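> Residue numbers 1 to 461, in our numbering, belong to the letters of the sequence shown in order.
Quick one: structure below, then a few questions.
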Amino acid sequence: MDNFLVHVALAAGAAMILYFWYKPRHSVPLPPGPKGHWLLGNAREIGKADAFWRKLAEYSDRYGPIISVRFPHRTIVVLSDPNIILQLFEKRAANYSDKNEIEMMKLTGWNTDILFLQYGPTLKLYRTMLNRALNNRVATDYIPLQQHEVQRLMLRLIDKPSEFMSHVRLLASAIAVRLAYGYKVDSYQDEFVQTAEKHMQGFSDLTQWWNWMVNMFPPLKYGQNWPSIIPFRRKAQEVIQVMEAHREKPFAYVKSQMRVAATLYAAGSDTTVSAVQSFFLAMTLYPDVQAKAKLEVISYLEQRTTTNGSRNIILPADRPHLPYISALIQEVLRWHPVIPVIVHRSSHEDDDHVVSGDKTYRIPARTVVFANIWQILHDPEVYEHPDRFMPERFLAPDPPPDPETYTFGFGRRSCPGIHIVQQSMWISISNILANFTITKVKNENGVEITPEELYVNGPVR
1 MDNFLVHVAL AAGAAMILYF WYKPRHSVPL PPGPKGHWLL GNAREIGKAD AFWRKLAEYS
61 DRYGPIISVR FPHRTIVVLS DPNIILQLFE KRAANYSDKN EIEMMKLTGW NTDILFLQYG
121 PTLKLYRTML NRALNNRVAT DYIPLQQHEV QRLMLRLIDK PSEFMSHVRL LASAIAVRLA
181 YGYKVDSYQD EFVQTAEKHM QGFSDLTQWW NWMVNMFPPL KYGQNWPSII PFRRKAQEVI
241 QVMEAHREKP FAYVKSQMRV AATLYAAGSD TTVSAVQSFF LAMTLYPDVQ AKAKLEVISY
301 LEQRTTTNGS RNIILPADRP HLPYISALIQ EVLRWHPVIP VIVHRSSHED DDHVVSGDKT
361 YRIPARTVVF ANIWQILHDP EVYEHPDRFM PERFLAPDPP PDPETYTFGF GRRSCPGIHI
421 VQQSMWISIS NILANFTITK VKNENGVEIT PEELYVNGPV R
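Structure, rendered in structure tokens:
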């Protein structure tokens, strides 16, 4: 095996040298970027960073709003200008709606998930199915379910407040599983939930693609299966695929629905968990913000109870009466965006007309394109004191852009479950504020412990 790795490394190095030596010259240049290692490019620097989106932001601050970073066998273009992102991902969506092909995803079967499908008939079918189930009109039908699960969350918080992280994950899991499969979850230890969580943990590990050598050097995927590229082996594999397709065809429709249901869990649960846990962190670090939010929501509840004696739970219909809560949720999404970097890929044609200021750049066909959402939402020219949690910024006469413009994706790859996530965030956050005060934990000496702003260094935080 050691000799095999040596041979693969030598072959990969030789291939890269030949490629860079003989590759065609273009009149329109690639975006600028850091030079990096001759073979590994910028992979080591990005891989070692505590938060890869911050490292990309450092590069962008140095080289501009559209840059190139190099990895073995590929160059990635990183965008940090919202105007360029909207131009490419929405106005030129026909050329920028594919997804990054990750070897580890292929090896494990994740490449068939809607999150990683290339743009085409299958993805269109899946998105149509999701839109029918999750559009803004249908989403309101799920509010009673979400209300019920939030009420159960509050009971758990009363019973075991120190386990709030698990309670939030159970909330998100319960809503997602109920929507996707009609299955009611009563415990975080539920076998179904635990299986799904392990599945999602595996997904999270795989999305940190720079940690997997096979993503850097794809020939490694063959390993000891070199005979698979011999003609008779290849032909055998083709026959097997045809046979499997024939056997599976009658079940294709049901299986496609199952895949879409699994996506509901994958997208809905992680997004909700990350946002609500960021809310808990913000309320712990910024008690003055929490006090203002609690005052607004409690005053509203008292006023409503006095006038008509109505329910004491807050729902999305109450949003117009609670502007500070709305601003607080916007700030949660801006302060620590759930997905700090959104990934698209150009299709089969070069784009020689990518304009940034007075310069024009080229994005080659099949190039992975990153949109650094974290950097956009931390631009001090747009969001004053970006590292501070300041909901008031969205209540100003001329507020900055709504973070939801960027955090739920773009164009043909935008999040189809946005309305469900918005409802879950609103119901859970507003009712937690109405019923609880979030404080710092104390150590054995009674001294408050200030939590750190630490997040997973991956695509979903």
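For glycine and all other residues, C-beta sits at the position ideal for the given N, C-alpha and C.
None of the values given here were measured: they were computed from a predicted structure.
Below 8 Å on the Cβ atoms is my guess for V150 versus N431; work out the distance and round it to an integer in Å.
6 Å
> Between V382 and the rest of its own chain, which residues show a CB-CB distance below 6 Å, the 5 nearest in sequence each way excluded?
P400
> Where does M390 land, buried or exposed, given buried means 16+ other C-beta within 10 angstroms?
buried
> Rounded to a whole number of angstroms, what is the C-alpha to C-alpha distance between S274 and H26?
43 Å
> Can you give the Cα-Cα distance for G182 and D190, rounded to whole angstroms?
15 Å
> Out of N435, A434 and P451, which has the shortest C-alpha to C-alpha gap to K442?
P451
> Got a sec? Which residues, its chain only, sit under 7 Å from H167 by beta carbon, not counting five neighbours each side?
L153, R156 and L157
> Can we say the stretch 353-366 touches the stretch 115-126, given the rule of at least three CB pairs closer than 8 Å?
no
> Work out the CA separation of N42 and I449 for me, nearest whole Å.
37 Å
> Tell me the rounded alpha-carbon separation between D50 and E453.
12 Å
> Evaluate E331 with the Cβ neighbour count: other Cβ atoms within 10 Å of its Cβ, from every protein chain shown; 16 or more gives buried, anything less gives exposed.
Counting every other CB atom within 10 Å of its CB across the protein chains shown gives E331 a total of 16 or more, marking it as buried.
> Please determine if the stretch 323-341 and the stretch 28-48 are in contact, where contact requires at least 3 C-beta pairs separated by less than 8 Å.
no
> Rounded to whole angstroms, what's the CA-CA distance from L88 to T405? Just pull it up for me.
15 Å
> I want to check one thing, is the minimum distance from the CB of M283 to the heavy atoms of the ligand FMN below 8 Å?
Judged by which ligands are present, the structure shown has none, so any question about the ligand FMN falls away.
> Give the secondary structure of E452 by DSSP, where H, G and I count as helix, E and B as strand, and everything else as coil.
In this structure, DSSP gives E452 a state outside helix and strand, which the three-state scheme calls coil.
> What first and last residue would you give for the alpha helix (DSSP H) that runs through H167?
F164 to Y181
> I think P72 touches F164, with their Cβ atoms under 8 Å apart; what is that distance to the nearest whole Å?
Not quite, the Cβ-Cβ distance comes to about 42 Å (not below 8 Å), so this is no contact.
> Taking the alpha helix (DSSP H) that A139 falls in, what are its first and last residues?
N136 to A139
> Would you kindly report the start and end of the unbroken alpha helix (DSSP H) that includes H428?
According to the sequence shown, residue 428 is Ser rather than His. Counting along the chain, the alpha helix (DSSP H) containing S428 begins and ends at I418 to N435.
> Are the beta-carbon atoms belonging to T271 and I339 less than 9 Å from one another?
Taking 9 Å as the Cβ cut-off, T271 and I339 qualify as a contacting pair.
> Comparing C-alpha positions only, which one of P82, T75, T284 and Y119 sits nearest to A93?
Distances from the alpha-carbon of A93 to those of P82, T75, T284 and Y119 put Y119 closest.
> Which residue comes first and which comes last in the beta strand (DSSP E) that contains K359?
K359 to I363
> Among residues of its own chain, excluding the 5 on either side of P380, which ones have a beta-carbon nearer than 7 Å to its beta-carbon?
P386
> I need the straight-line Cα distance from S347 to N372, nearest angstrom please.
C-alpha separation (whole angstroms): 20 Å.
> Could you give the distance in angstroms between the alpha-carbon of T437 and the alpha-carbon of I429?
12 Å
> At which residues does the alpha helix (DSSP H) containing D159 begin and terminate?
I143 to D159
> Terminal residues of the continuous alpha helix (DSSP H) containing A327?
P323 to W335 is the span of the alpha helix (DSSP H), which, as asked, contains A327.
> Under the three-state reduction of DSSP, which class applies to S68: helix, strand or coil?
In this structure, S68 counts as strand in the three-state DSSP scheme.
> When you compare the CB positions of S356 and I66, do they come within less than 9 Å of one another, or not?
yes
> Given this structure, state the Cα-to-Cα distance separating R393 from I418, to the nearest angstrom.
23 Å
> In its own chain, which residues sit with a C-beta less than 6 Å from the C-beta of D141, not counting the 5 before and 5 after it?
none
> How far does the alpha helix (DSSP H) with R54 in it reach, from first residue to last?
F52 to Y63
> Using a Cβ-Cβ cut-off of 7 Å (strictly less than) and excluding sequence neighbours within five positions of H353, which residues of its own chain qualify?
Sequence-distant Cβ neighbours of H353 in its own chain, meaning closer than 7 Å and more than five residues away, are T360.
> Please check the pair A57 and W374, which I expect to be a contact at CB under 8 Å, by giving their CB distance rounded to whole angstroms.
7 Å
> What are the partner residues of F116, as DSSP defines its beta bridges?
Per DSSP, none; premise fails for F116.
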